[in-house]
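To start, the structure under review is shown below, and the notes come after it.
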């Protein structure tokens with residue numbers, strides 16, 4: 073058989089096309105088809121799982137936010153320094169130590185919080201100084217002791233002086249922050 077423009081070639085081509093069409097029809101009938109109902113069920117299940125994971129994530133975020141809020145100062149950063157000084161003076165009186173210096177440091181931004189740092193120098197008996205530092209580390213003080221240097225001032229007694237670095241994490245109320253795009257009365 074010689075291929076070319078003859079009747080045998082055209083017959084072979086037509087038979088091949090018919091076999092291909094029959095093969096497609098048979099495949100269409102025999103091969104499993106995805107059912108729309110199964111697809112919708114799977115998508116609904118996936119959506120429900122995602123909604124559950126999202127709800128669990130929101131709950132975790134809310135819990136973590138509440139945990140952070142109990143350790144942060146919820147006031148304008150300008151009011152934190154005097155409040156910290158009051159807290160330190162009160163704790164110093166309770167523990168029997170004397171505050172010799174209180175130095176606010178530069179406030180640093182740690183978005184969305186601000187970090188107010190302070191240096192405090194105190195004098196007192198060693199055990200009282202340690203108790204004072206421990207009282208500052210208590211969660212209700214909302215302060216973090218970043219450093220503490222204790223040195224002896226009198227060899228004959230247990231009189232010591234201490235320099236303590238403190239940090240206060242501040243989340244300013246929304247009303248205290250200037251609104252973006254507002255010039256606050258400036259031209």
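Residue numbers (this note's numbering): 73 to 259. Each residue gets a CB set at the ideal place from its N, CA and C atoms; glycine is no exception.
_Taking a contact to mean a Cβ-Cβ separation below 7 Å, would you say residue 243 touches residue 143 in this structure?_
no
_Within the continuous beta strand (DSSP E) that includes residue 168, where are the two ends?_
Counting along the chain, residue 168 falls outside any beta strand (DSSP E), and DSSP gives it neither H nor E.
*Might you give, ordered along the chain, the residues of its own chain that have their beta carbon closer than 8 Å to the beta carbon of residue 149, omitting 5 neighbours on each side?*
Here residue 149 has 179, 186, 188, 242, 244 as same chain residues with Cβ atoms under 8 Å from its own Cβ, once five neighbours each way along the sequence are excluded.
*Distance, residue 210 Cα to residue 164 Cα*: Distance between the alpha carbons of residue 164 and residue 210 is about 14 Å.
*asked:* Looking at the secondary structure, which residues open and close the alpha helix (DSSP H) in which residue 180 lies?
replied: Per DSSP, residue 180 belongs to no alpha helix (DSSP H); it is in the beta strand (DSSP E), 180-182.
*Take every Cβ of the segment 157-174, pair it with every Cβ of the segment 190-200, and state whether three or more of those distances are shorter than 8 Å.*
yes
_Outcome for residue 196 when other beta-carbon atoms lying within 10 angstroms are tallied against a minimum of 16_ = buried
*Thinking residue 221 and residue 167 are a contact (beta carbons under 8 Å), I'd like their distance in whole angstroms, please.*
That belief does not hold up - the Cβ atoms of residue 221 and residue 167 are roughly 18 Å apart, past 8 Å.
*What is the rounded straight-line gap between the Cα of residue 248 and the Cα of residue 157?*
Because the pLDDT at residue 248 is just 49, under 50, the model does not fix this residue reliably, and the value given afterwards should be weighed accordingly. Going from the Cα of residue 248 to the Cα of residue 157 covers about 21 Å.
*Quick one: which unbroken alpha helix (DSSP H) runs of 4-plus residues sit fully inside the segment 105-145? Chain order, please.*
108-141
*Express the C-alpha separation of residue 240 and residue 219 in angstroms, rounding to a whole number.*
13 Å
*Per DSSP, residue 197 is paired with what?*
231
*Residue burial classification, residue 81 (beta-carbon count within 10 angstroms, cutoff 16)*: exposed
_Anticipated Cβ contact below 8 Å, residue 198 with residue 232, distance rounded_ = 5 Å
*In three-state terms, what does DSSP make of residue 212?*
helix
*Write down the C-beta distance between residue 236 and residue 216 rounded to the nearest angstrom, noting that I regard them as a contact closer than 8 Å.*
Contact doesn't hold; Cβ gap of about 11 Å is too wide.
*Give the straight-line distance between the Cα atoms of residue 115 and residue 100, rounded to the nearest whole angstrom.*
25 Å
*Would you kindly report the start and end of the unbroken alpha helix (DSSP H) that includes residue 81?*
79-102
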